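Chains as they are written, first to last, in the working numbering: chain A, 8 to 420; chain B, 104 to 499.
Note that the Cβ used here is the ideal one computed from N, Cα and C, for glycine as well.
Source: prediction; values computed, not measured.
The structure under discussion appears below in the form of C-alpha cells.
Below, the structure is given as C-alpha cells:
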C-alpha cells in the first residue's frame with residue numbers, strides 16, 4: 008500500500024517587545040509591545056507567505072479531491088490577524104470552508120506552560136480550543152504542543168484533556184530504528200492524582216479520550232523541503248516534485264508526516280526558489296500515483312491501535328535546533344531567571360481578576376521571548392540570530408526584565 | 104617590522120598590541136626584527152619576557168611617541184639638552200624623517216621577506232625599506248588620524264597615512280570598523296584591506312573571582328571608565344550617562360581612570376551635573392591599580408566616539424566585569440556577551456547600566472560568558488592570520 012501524506016503547518020507570530028526603559032517602570036498603563044514592528048512583520052509575512060500560500064492551498068484543495076492539509080494557528084497569531092490582517096484570517100476561513108482542512112489545538116500563547124504550570128497550560132489550551140471553534144466552526148481533536156515539545160507525561164495529559172491524537176518530533180534516539188511513518192502510542196501509566204484533578208477541572212474538551220495516537224514528524228523528508236530546498240550545496244538540489252514523490256513512496260509506513268513552519272513557503276524559502284511551483288505540482292503527481300494527502304484525524308481514524316508500537320519518551324523533546332530538546336528556551340542564566348520570574352507571578356496576576364493585566368502577563372509567556380535570549384550559538388550567527396528582532400540575547404532580556412519589573416509594580420500597587 | 108612603542112614604554116593599547124603580535128609571530132616560527140624609535144638608546148633594555156630575547160630590537164634615536172601631535176612634540180623636545188636638538192629635529196616632520204632615514208640605514212644588513220609597519224609615523228620608513236629590499240610592504244593600522252581627532256585631521260598626518268595606504272601591498276586593519284573608515288574616508292579599495300582583530304594576553308577570570316562577585320549586594324555599586332580623558336574616548340558621554348543613572352540610583356559611584364587634557368573640563372562638568380560626590384577621577388593608573396578597579400567594578404562602560412579596537416574592554420572582561428561597549432568600536436565585533444550602544448545614546452547606555460545593576464542573573468551571565476572570547480582571541484591565533492597574509496604576499 009502506498010503511504011499517505013500528512014501535511015501540517017505551524018503558523019505563529021509572537022508579540023515582540025518595545026525598547027522599554029527603566030524610567031517607564033511604574034508609570035502606569037505601559038504598553039510592553041512594539042505594535043509598529045509587530046504590524047510591519049505581520050504584513051511582510053502576510054504578503055510573502057500567508058496570502059499567496061493560502062491562495063495556492065485553496066486552489067489545490069478545490070482541484071484535488073484527495074488533497075487535505077492541517078494547521079495549528081497559535082492564539083497570538085489569530086489575535087494579530089484581528090489587529091493587522093483581517094484578510095489573512097478570512098483566507099484561513101475560506102480554507103476551513105472547504106471541509107478539507109483540520110485545525111489542531113495548542114497553547115493559546117505558544118507558551119512553555121506544559122513544562123512549568125499545568126493549570127496555566129490547561130487554561131491556555133481551553134482558550135485556544137474555544138477560539139478555533141468560534142473562528143472556524145470546528146472542534147480540534149488533535150493536539151500539538153508549542154514547537155512540538157513532547158514527553159510521555161505531555162501525551163497522557165493531552166489524552167486526559169480529551170484529544171485522541173498528538174503530534175511530536177520523530178527523534179532518532181526514541182525511534183530506535185523504527186519508521187517515523189508508523190503511528191505510535193505513548194506508554195500507559197497514571198498521572199499523580201493531583202495532576203489528574205487539575206486537568207479534570209480545566210479540561211478543554213468534554214471528556215477524556217480512551218486512547219491517544221502519536222504522529223511523528225518525518226524530519227528528514229520535512230526538512231528537505233523546509234530547510235534544504237534552496238540549498239545549492241545539498242546533494243538533492245534542485246529538488247523536483249517527481250523525485251520528492253519517489254522519496255515519499257519509498258519511505259514506507261502508514262503516513263509520511265511532513266510537519267513544518269508555514270513560513271517555509273515564501274518567507275524562509277523565497278518565491279524565486281520555486282517553492283510555490285514545487286508545492287503546486289505535488290497533488291497532480293500524487294493523484295497519478297494514487298497517493299492521498301490526509302489530515303491527522305484521518306490517519307488516526309484508520310489506526311490499528313492494538314498493533315501500535317510504543318513511543319517512549321522520558322526526556323522532553325521538541326523540534327527546535329540540533330539538540331531537539333528544551334535548550335532553545337532554557338538553560339542559560341537569563342532564560343532561567345526570566346522564566347522563573349514570570350511564572351512566579353501567575354497566582355498573583357490571576358488573583359487580580361484584571362483582564363488587561365492577565366493578558367499582558369500571558370503575552371509575556373510566549374516561548375519566543377526566551378528563544379531570543381538563547382546564547383547557544385549566538386556567535387555563529389545561527390537561526391536564533393536570524394529570527395530575533397533584537398540585537399542580542401541581552402537586549403531581549405533587558406526589555407523583558409523591564410516589562411517584568413513593571414508587572415511587579417502593577418501587582419504591588 | 105617598524106614600530107614605535109613597545110612595553111614597558113607605552114602610553115596606550117598600541118604598544119601592547121605590537122608586543123602581542125610580535126610574540127605571537129615568534130611563537131608561530133616567524134623571525135622578527137623590530138625597529139623602534141626611542142628617546143635614548145640606553146634606558147629601554149628591561150623587557151624581561153624570555154621570548155623577547157628572540158626579537159632583535161634595533162633602536163633608532165628619535166623623540167617619537169604615539170599620540171604625537173605637533174603641540175605635544177614641541178613640549179617633549181624642550182626636555183632634550185639644546186645640543187642634542189639637531190639630532191632629533193626641531194619639529195615632528197624632521198623627527199620623522201630622521202627616524203625614517205636611520206631606520207632604513209639600520210636595516211641595510213638584513214634580508215627580510217616582508218616589511219611590516221605600524222601606523223603612520225613608520226610608513227615612510229617602511230616604504231623605503233620595502234623598496235630597498237624589494238619585498239612586499241604591509242601597513243598595519245591601529246588608529247587613524249580621523250579616530251584620534253574626531254574627524255578634524257592634521258593634514259600632514261592624514262597625507263602620511265594616505266601615502267602608506269596607497270603604496271602598501273596589503274593593509275591590516277584591527278577591525279571591520281577601522282576597515283570601513285579606510286574605505287569610506289580614505290578611499291581605499293576594500294580588497295586591499297584584511298582585518299585581523301587584536302588578540303588578548305589576558306586570562307579569563309578564575310572561578311573563585313566569579314563566585315566572589317556572585318550575589319554580592321553592594322551599598323554603592325561602581326561603574327568604571329578607563330582611558331585617556333579626551334573627546335575620542337566618549338568622556339562627556341560617560342558623564343551624561345552617569346547623571347542619568349544618578350537620577351534613579353543616587354548611591355551608584357563612578358570612577359574615571361586616566362589622564363588627558365580634558366581633565367579640568369570633565370571635573371567641571373561632573374559638578375555641573377551634580378555628581379561631585381559620585382564621580383571619582385582616579386588619574387592615570389598603573390596596571391595594579393587598573394586590576395583593582397576592574398575587579399571592583401560592577402560594570403565597565405567604554406563609550407568611545409571612535410575606537411579602532413579597544414583593548415580595555417577585553418581587560419575588563421578578563422576581570423569578570425560586565426561591559427557596555429560603544430557600537431563605534433572594533434572590539435564590539437568580537438565580544439558576544441555584552442551590551443552595545445551608540446556612543447550618543449546616553450539614555451540607553453544608562454538603561455543598560457541600571458539593568459545590569461538590578462538584574463543579578465544578567466550580570467552573572469555577562470561576567471561568566473564574556474570571557475570565552477579570550478580563549479579564541481589569543482595573539483598566537485591572531486598572529487597566524489598575519490602569517491598567512493605574509494605567505495600570500497610572498498607567493499603571489
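Contacting residues, own chain, Cβ-Cβ under 7 Å from residue i (five flanking each side not counted)
i: residue 260 of chain B; result: 223, 248
i: residue 161 of chain A; result: 121, 152
i: residue 148 of chain B; result: Note that residue 148 of chain B scores 32 on pLDDT, short of 50, meaning its location in the model is unreliable and no value can be drawn from it.
Proximity to residue i [Cα-Cα], best of the options
i: residue 147 of chain A; options: A/112, A/174, A/160; result: A/112
i: residue 311 of chain B; options: B/413, B/360, B/470; result: B/470
i: residue 79 of chain A; options: A/108, A/60, A/92, A/195; result: A/108
i: residue 52 of chain A; options: A/334, A/376, A/277; result: A/277
i: residue 73 of chain A; options: A/310, A/43, A/297, A/337; result: A/297
i: residue 87 of chain A; options: A/216, A/178, A/115; result: A/115
i: residue 318 of chain A; options: A/94, A/195, A/170, A/396; result: A/195
i: residue 387 of chain B; options: B/331, B/324, B/381; result: B/331
i: residue 441 of chain B; options: B/420, B/431, B/454; result: B/420
i: residue 315 of chain A; options: A/61, A/190, A/163, A/272; result: A/190
i: residue 119 of chain A; options: A/153, A/161, A/48; result: A/153
i: residue 336 of chain A; options: A/366, A/311, A/383, A/290; result: A/383
i: residue 321 of chain A; options: A/420, A/137, A/193; result: A/193
i: residue 346 of chain A; options: A/361, A/381, A/363, A/330; result: A/381
i: residue 326 of chain B; options: B/398, B/313, B/228; result: B/398
i: residue 313 of chain A; options: A/219, A/379, A/366; result: A/219
Collapsed DSSP secondary structure at residue i in the structure displayed
i: residue 67 of chain A; result: helix
i: residue 140 of chain B; result: strand
i: residue 198 of chain A; result: coil
i: residue 405 of chain B; result: strand
i: residue 415 of chain A; result: helix
i: residue 264 of chain A; result: strand
i: residue 264 of chain B; result: helix
i: residue 30 of chain A; result: helix
i: residue 221 of chain B; result: strand
i: residue 170 of chain A; result: coil
i: residue 443 of chain B; result: strand
i: residue 109 of chain A; result: strand
i: residue 374 of chain B; result: helix
i: residue 75 of chain A; result: coil
i: residue 40 of chain A; result: strand
i: residue 98 of chain A; result: helix
i: residue 270 of chain A; result: helix
i: residue 386 of chain B; result: strand
i: residue 394 of chain A; result: helix
i: residue 149 of chain B; result: Residue placement at residue 149 of chain B is flagged as unreliable, the pLDDT there being 33, under the threshold of 50; the coordinate-derived value follows with that caveat. It is coil, neither helix nor strand.
Contacts around residue i, its chain only, beta-carbon distance under 6 Å, and the 5 residues preceding and following it disregarded
i: residue 481 of chain B; result: 302
i: residue 389 of chain B; result: none
i: residue 167 of chain A; result: 206, 215
i: residue 208 of chain A; result: none
i: residue 123 of chain A; result: 350
i: residue 281 of chain A; result: none
i: residue 375 of chain A; result: 21
Presumed contact (8 Å Cβ cut-off) between residue i and residue j, rounded CB distance
i: residue 407 of chain B; j: residue 451 of chain B; result: With 8 Å as the limit, residue 407 of chain B and residue 451 of chain B do not qualify as a contact, their Cβ atoms being about 15 Å apart.
i: residue 413 of chain A; j: residue 32 of chain A; result: 5 Å
i: residue 119 of chain B; j: residue 414 of chain B; result: 6 Å
i: residue 259 of chain A; j: residue 183 of chain A; result: Between residue 183 of chain A and residue 259 of chain A the Cβ distance is about 16 Å, and since that is not below 8 Å, they are no contact.
i: residue 510 of chain B; j: residue 298 of chain B; result: Residue 510 of chain B is absent from the structure shown; chain B starts at 104 and stops at 499.
i: residue 225 of chain B; j: residue 106 of chain B; result: 7 Å
i: residue 300 of chain A; j: residue 12 of chain A; result: 4 Å
Cβ-based neighbour list, residue i, same chain, cut-off 8 Å, excluding 5 preceding and 5 following
i: residue 249 of chain A; result: 292
i: residue 186 of chain A; result: 258, 259, 260
i: residue 369 of chain B; result: 332, 338, 339, 342, 359, 384
Practice task
Mind the definition here: the region 350-362 of chain A touches the region 402-410 of chain A only if three or more C-beta pairs lie below 8 Å; say whether that holds.
Solution key: At 8 Å Cβ cutoff, the stretches do not touch.
Practice task
Evaluate contact between the region 144-162 of chain A and the region 207-225 of chain A, counting only Cβ atoms and requiring at least three cross-stretch pairs below 8 Å.
Solution key: Yes, since at least three Cβ pairs between the region 144-162 of chain A and the region 207-225 of chain A fall closer than 8 Å, the two stretches touch.
Handout entry: Segment contact flag, the region 279-298 of chain B with the region 396-403 of chain B, C-beta cutoff 8 Å, min 3 pairs
Key = Under the three-pair Cβ rule at 8 Å, the region 279-298 of chain B does not count as touching the region 396-403 of chain B.
Practice task
Tell me, please, whether the region 155-162 of chain A touches the region 170-189 of chain A by the rule of three or more beta-carbon pairs shorter than 8 Å.
Solution key: By the Cβ test, the region 155-162 of chain A is in contact with the region 170-189 of chain A, since at least three Cβ pairs between them sit closer than 8 Å.
Problem - Stretch-stretch touch, CB-based, cutoff 8 Å, three pairs: the region 349-361 of chain B with the region 416-435 of chain B - result: In the pairwise beta carbon analysis, the region 349-361 of chain B is classified as not touching the region 416-435 of chain B: fewer than three pairs are separated by under 8 Å.
Exercise for the section: Indicate whether the contact test is met: 3 or more Cβ pairs, each with one atom in the region 192-206 of chain A and one in the region 323-340 of chain A, closer than 8 Å. Expected result: Fewer than three Cβ pairs drawn from the region 192-206 of chain A and the region 323-340 of chain A lie within less than 8 Å of each other, which leaves the two stretches out of contact.
Practice task
Count the C-beta pairs between the region 88-98 of chain A and the region 298-311 of chain A that are closer than 8 Å, then say yes if the count reaches three, no if not.
Solution key: Touching, no, given that fewer than three Cβ pairs across the two stretches are closer than 8 Å.
Exercise for the section: Flag this pair as touching only if the region 64-72 of chain A and the region 31-46 of chain A have three or more C-beta atom pairs under 8 Å; answer yes or no. Expected result: No, they do not touch.
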